[in-house]
Every structure is written in C-alpha cells, then in structure tokens.
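For the sequence shown, the positions run 1 to 246 when the UniProt record's numbering is used. Ideal Cβ placement from N, Cα and C applies to all residues, glycine included. Just so it is clear, the structure is predicted and the values come from calculations on it, not from any experiment.
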Amino acid sequence: MKKLVMLVVALSIVTMLAACGNNSDSGSSSDAGKKSGDQNKTEQQAKQAQDKDVKISDDEKVNKDDVVVQVNDTKIKGDQYNNIYAQTKVAMNQFGEDVSDKDQLKEQAINVLVQQELLKQDAKKQGIDISGEKVQSEFEKIKAENEDQFAAVLEQYQLSEQAYKDQLAFELTVDEYINKEITGTDVTDKEIKSYYDKLKEQSKDIPELKKVKEQIKDELTKQKENEKLQAKINELKKDAEIKNMI
C-alpha cells in the first residue's frame, strides 16, 4: 500500500513543480538546512490539514465536456480538470497549504494539466508508450495489497478508479521518461556528506551517516531528477502553443 500512497503523493510533486514554475533553486541541496529546519512546522501544518474535510463546491467544477485548456493540438476537457482540481486541492491541503483561494487553485490545476500534457506529448515523441495492460496489471497489484486501504485513499483524494488509473499511467510514463531522457543525476559522496552535515546542524538525533546514506542519496537523486524535469518542462512550454479557455 506504500506504493499507492507514493503514487498519490506524486501528484503533489507535480503540483509543487507547477507552483515553482521557473524557480531554478527549488529542491537544490543547498536548501537542505532550511528545509530540515522547516520540517517540524510543515509536519504540524500537514497534520492539522489532514483533520480538515476538503470539499469541492459546485462553483469550483466545470462542465465535463467543456474545453478548459488546449496544449498544442490536444484539447483538455472539464472531466480531467475536475479530477486534477480535486486532487490538487486535497494534496495542497495535505501539505498545510491555504486552499481558500479558488482562483489560485484553478491556476494550479491548469498548470498541472499543462505540464502533464507536455510531458505526455514529448514522451510519445520519444517512443515511450505505456500499454493499457501494464497499467491494469500494476493497478490490480496495488489494489490487492489492501483493498480497504485502497478504497480509503481513493476517497481521501476524491479519485475514481479510472482517474487513479490515469494518474498511474502518467506516473509510469514519467518514470520511463526520466530513465530515458533525464541524465546527470548522479550523487557524489561529497554531496551526501554536505547534506548530512546540514541535517545534523538542525537535529542531534540524526543517525550516523552510514545508516542514512542510501536514504540521503535517494532524496538527492530525486531532487536532481525533479530539477531537470522542471527544466525540461520549461523548455517544452516555450515552444508550445497553450490556450487557456477558462
């Protein structure tokens, strides 16, 4: 079930990428100390947010057949927007973010849709095609781990099974895209040690380096992947024709 939760959280990563936009410093290892220092506050905010019931009012939704944004030749309709809007609102709430500004949420949802579509289109150009059979197989595997918890997470993030499959297909596409197109994400021992030292400055309870080295390496690798993925999205966006319809 960890895989299910991680996939849902993956949407928040896309959401945060959309929020960061062209901020080239986001996710850099030089910010590790500050991020660690803010961690307790963020966790407290997230815990408080989780206790709030996130509702989507009718005026936050659009007609499922209306075109909300066009990315190059692809028209994205209201049913996709409504799904992403709900997921974005819940994800931001989970991170302790303010979700009262509906215009901001709408902009975030549109940004997520645009970025996802740009990646899908470029992945297709690069010959990346995740089969429906692979998505279904992965879906059944995740669901079978714990069906009750699966249903609870879908309810929490206001996802239908089909909407979840769509996000799963996108996540599998991104994984393949990163493996094929994103390079230069190797992490050095020096970077790991620097990150570890910053964490130690924030807390004396950090285990010795050898016990957390792989975890730090994974974190720094993911940061580099996200930075390069965002840079690629920005590059694709410059050459794209994007028409916002709402």
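Would you kindly report the start and end of the unbroken beta strand (DSSP E) that includes residue i?
i	result
V67	67–71
Is residue j closer than 8 Å to residue i when the C-beta atoms are compared?
i	j	result
L159	K134	no
A109	Y81	yes
I233	L119	yes
V62	V68	yes
Q126	E181	yes
Note down, in chain order, each residue of its chain lying with its Cβ closer than 6 Å to the Cβ of residue i, except the 5 sequence neighbours on either side.
i	result
A32	Reliability fails at A32, whose pLDDT of 45 lies under 50, so the model's placement of it is uncertain and no value is given.
I130	A169, L172, T173
V99	K89, M92, N93
Terminal residues of the continuous alpha helix (DSSP H) containing residue i?
i	result
N244	Element bounds for N244: not the alpha helix (DSSP H) but the beta strand (DSSP E), 242–244.
K61	Run containing K61: none; DSSP gives neither H nor E here.
D197	189–202
L168	161–181
Helix, strand or coil for residue i per DSSP?
i	result
I76	strand
D129	coil
residue 327	The structure shown does not extend to residue 327, since the chain spans only 1 to 246, so no value can be given for it.
L118	helix
D230	Per the sequence presented here, residue 230 reads as Gln, with Asp not at that position. Three-state result, Q230: helix.
D205	coil
N146	coil
Q223	helix
Using the Cβ count rule (16 or more neighbours within 10 Å means buried), how would you classify residue i?
i	result
T183	exposed
E145	exposed
N244	exposed
Leaving out five residues on either side along the sequence, give the residues of the same chain with a beta carbon under 7 Å from the beta carbon of residue i.
i	result
I84	A109, V112, L113
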